[in-house]
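One structure is given below, encoded as structure tokens.
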Amino acid sequence: MTKAHKVDVEPVSQEIQRLLSYKNESGWFVLTKGSTVMTTGHGFTILKVFEDFEKWKEVVKEKGFESTIKEYHNMALLTEWQCCWLDIPTMAGKVPEMTKCPECTRVMETFIDYRCCHIVDGITTKAHH
Numbered sequence: 001m002t003k004a005h006k007v008d009v010e011p012v013s014q015e016i017q018r019l020l021s022y023k024n025e026s027g028w029f030v031l032t033k034g035s036t037v038m039t040t041g042h043g044f045t046i047l048k049v050f051e052d053f054e055k056w057k058e059v060v061k062e063k064g065f066e067s068t069i070k071e072y073h074n075m076a077l078l079t080e081w082q083c084c085w086l087d088i089p090t091m092a093g094k095v096p097e098m099t100k101c102p103e104c105t106r107v108m109e110t111f112i113d114y115r116c117c118h119i120v121d122g123i124t125t126k127a128h129h
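Mapping of the sequence shown onto full-length UniProt numbering: position 6 corresponds to residue 6, and the numbering continues sequentially without gaps.
Spelled out as structure tokens, the structure:
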């Protein structure tokens with residue numbers, strides 16, 4: 001893989017990790033324009049953005065909806081921050097020694113998590129929360 005190719009792949013990989021980190025959330029969003037993903041996030045951050053619509057609606061005329069909503073969503077992240085975690089099952093193969101946070105790109109802490117999904121004969125007996 002060339003260095004130039006790696007630069008192109010890293011944002012895609014980061015976005016996939018970001019989406020995977022939302023699987024344990026009670027609310028999340030993906031905002032698209034056609035088939036192009038504009039932004040993703042926790043449900044509470046986009047809710048904050050739309051609650052504050054009166055504050056930024058005039059900016060839309062100047063910058064456009066896509067740029068404006070991304071900008072205000074990024075600002076909401078600074079005040080509505082929440083921990084981000086990724087589940088990497090042991091059956092996935094080698095667990096990376098270090099992983100960067102898909103939200104802020106800092107190195108993530110590593111924890112060991114034990115889980116029982118109460119599966120009997122291939123059927124989950126209790127809903128996963």
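Where is the CB? At the ideal position from N, CA and C, for every residue including glycine. Small disclaimer: the values here were computed from a predicted structure and weren't measured.
| Query | Result |
| --- | --- |
| Indicate the three-state DSSP secondary structure (helix, strand or coil) for residue 135 in the structure shown. | In the structure as shown, the chain starts at 1 and stops at 129, and residue 135 therefore has no counterpart that could be examined. |
| Residues bridged to T39 by DSSP? | L31 |
| Considering only their Cβ atoms, is the gap separating M38 from E66 smaller than 8 angstroms? | yes |
| Let me confirm a value: G64 is counted as buried when at least 16 other C-beta atoms fall within 10 Å, else exposed. Which label applies? | exposed |
| With DSSP run on the structure shown, which of helix, strand or coil describes V107? | strand |
| How many Å lie between F53 and S13 at the Cα? | 31 angstroms |
| Go ahead and pull the three-state DSSP assignment for V95. | coil |
| In or out: M108 buried (at least 16 other Cβ within 10 Å) or exposed? | buried |
| For K6, count the other beta carbons within 10 Å of its own beta carbon; 16 or more makes it buried, fewer makes it exposed. Which is it? | Caution is warranted here: a pLDDT of 41 is assigned to K6, below 50, making its placement in the model unreliable, and the coordinate value is therefore given only provisionally. When all chains shown are included, K6 counts as exposed. |
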